[in-house]
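First comes the structure, then the notes that go with it.
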Amino acid sequence: MRLTEEDCLRRFGVRPAPEQLEEVRAVLDAETQRERQAQGRGDTQVMRLCCFLLFRAGLLEDVPRIWRAKTSSMDADASIDLQFLCGAGLEETKRYLRELGSDEAEAASRRLLTNEVSGELDGFSADEYAASQEAYYDRDEG
């Protein structure tokens with residue numbers, strides 16, 4: 001059974017428990033695979049939420065997974081915030097991507113650099129960004 005954005009919010013909230021992260025990853029991977037097969041097959045709003053939940057956890061190991069989701073289609077790229085790569089912090093993420101050294105990591109690094117140069121990441125704080133996204137997802141709650 002596929003989950004909707006509403007289903008995911010009910011199941012995981014905006015701060016998933018550590019034991020829920022594997023399920024969040026599984027949902028994201030399934031939607032990413034669908035979206036890679038054909039744009040529009042995956043639910044990019046579910047993908048965005050799952051990426052936010054992984055961002056919230058702040059684990060560097062999730063950076064490549066978030067990048068793969070973001071780059072699975074033009075719609076996904078527009079829907080999934082680049083900042084979601086940086087849950088562990090911008091500098092930590094850049095260092096991690098350099099250490100990975102893969103083509104995928106290099107592409108993500110280039111995109112981060114482009115956004116840094118343009119000023120889009122000036123003063124980036126993972127905590128502040130998380131708070132703004134929590135407010136976005138709580139929009140229907142209040």
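In terms of the UniProt record's numbering, the sequence shown opens at residue 1 and continues consecutively. Every residue, glycine too, gets a C-beta built ideally from N, C-alpha and C. In this text, all values refer to a predicted model and were calculated from it rather than measured experimentally.
Query raised in the report: What residue does the alpha helix (DSSP H) around Phe-124 start on, and which one ends it?
Result: In the sequence shown, residue 124 corresponds to position 124, counting from 1. Counting along the chain, Phe-124 falls outside any alpha helix (DSSP H), and DSSP gives it neither H nor E.
Query raised in the report: Which term fits Gly-142, buried or exposed, when burial requires 16 or more other beta carbons within 10 angstroms of its beta carbon?
Result: Position 142 of the sequence shown, counting from 1, holds the residue named residue 142. Any reading at Gly-142 must be qualified, since the residue scores a pLDDT of 45, below 50, and its modelled position is unreliable; the value itself is stated next. Burial call: exposed.
Query - Supposed close pair Ala-57, Pro-16 - CB separation, criterion 8 Å - result: As a first step, residue 57 is located in the sequence shown; it is residue number 57 there, counting from the start. As a first step, residue 16 is located in the sequence shown; it is residue number 16 there, counting from the start. With 8 Å as the limit, Ala-57 and Pro-16 qualify as a contact, their Cβ atoms being about 7 Å apart.
Query raised in the report: What do you reckon, are the CB atoms on Cys-50 and Leu-21 nearer than 7 Å?
Result: In the sequence shown, the residue the question calls residue 50 occupies position 50. In the sequence shown, the residue the question calls residue 21 occupies position 21. No, these two residues do not count as a Cβ contact at 7 Å.
Query - alpha helix (DSSP H) segments (min. 4 residues) lying fully within the region 38-100 - result: Along the length of the region 38-100, whole alpha helix (DSSP H) runs at least 4 residues long occupy 44-57, 63-70, 74-79, 90-100, reported in chain order.
Query raised in the report: If Leu-9 and Tyr-137 are in contact, beta carbons under 8 Å, what's the gap, nearest whole angstrom?
Result: If you number the sequence shown from 1, residue 9 lands on position 9. If you number the sequence shown from 1, residue 137 lands on position 137. The Cβ separation is near 6 Å, so the contact holds.
Query - Extent of the continuous alpha helix (DSSP H) to which Ala-107 belongs - result: Position 107 of the sequence shown, counted from the start, is the residue given in the question as residue 107. From DSSP, the alpha helix (DSSP H) with Ala-107 extends over 103-117.
Requested in this report: Output the distance between the C-alpha atoms of Arg-2 and Leu-60, rounded to the nearest integer angstrom.
Outcome: Here the question's residue 2 lines up with position 2 in the sequence shown. Here the question's residue 60 lines up with position 60 in the sequence shown. Their Cα atoms are separated by approximately 26 Å.
Query - Classification of Val-46 by the beta-carbon crowding that lies within 10 angstroms, buried from 16 upward - result: Start at 1 with the first residue of the sequence shown, and residue 46 comes out as number 46. It is buried - the Cβ of Val-46 has at least 16 other Cβ atoms within 10 Å.
Report task. Could you give the DSSP three-state label for Cys-27: helix, strand or coil? Result -> Locating residue 27 in the sequence shown gives position 27, counting from the first residue. The question names Cys, but residue 27 in the sequence shown is Val. Looking at Val-27 - three-state DSSP - the assignment turns out to be helix.
Query - Given Val-24 as reference, the closest of Asp-75, Ala-76, Thr-44, Phe-12 once Cα atoms are compared - result: Taking the first residue of the sequence shown as position 1, residue 24 is located at position 24. Residue Phe-12 is the option with its Cα nearest to Val-24.
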